[in-house]
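Residue 13 in the UniProt record's numbering sits at position 13 of the sequence shown; the count goes up by one each step and never skips. Below is one structure; the comments refer to it alone.
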Amino acid sequence: YLGTEIDIVFTQKLLAFATLKIGYSHMFASDSMEILKGVPEPADNQFWGWAMLVVKPNFLKWSPKPEVPSE
């Protein structure tokens, strides 16, 4: 057990193919984190903010057209 992490995430769709995610993360480290990482006297509480732009372009999608039988 390394600790507990709490995340808060806000998601906003910007365009049909783009989404913005902004978040805050807080880590409550346990004593085993100090042993595993080998860092003397690590901070018990660690926190950070982050932003991520998710882009899902449509040009990568491919769907084959069904063959139409000729008469």
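C-beta atoms are modelled at their ideal positions from N, C-alpha and C, and glycine is treated no differently.
Pick from the options: whose alpha carbon is nearest that of residue i?
i	options	result
residue 52	40, 13, 33, 65	13
residue 25	7, 44, 45	7
residue 55	69, 5, 15	15
Given a cut-off of 9 angstroms, decide if residue j and residue i are closer than it, judged by their beta-carbon atoms.
i	j	result
residue 21	residue 39	no
residue 43	residue 2	no
residue 11	residue 19	yes
residue 47	residue 27	yes
With DSSP as the reference, label residue i as helix, strand or coil.
i	result
residue 59	helix
residue 65	coil
residue 5	strand
Which residue marks the beginning of the beta strand (DSSP E) containing residue i, and which one marks its end?
i	result
residue 25	18-29
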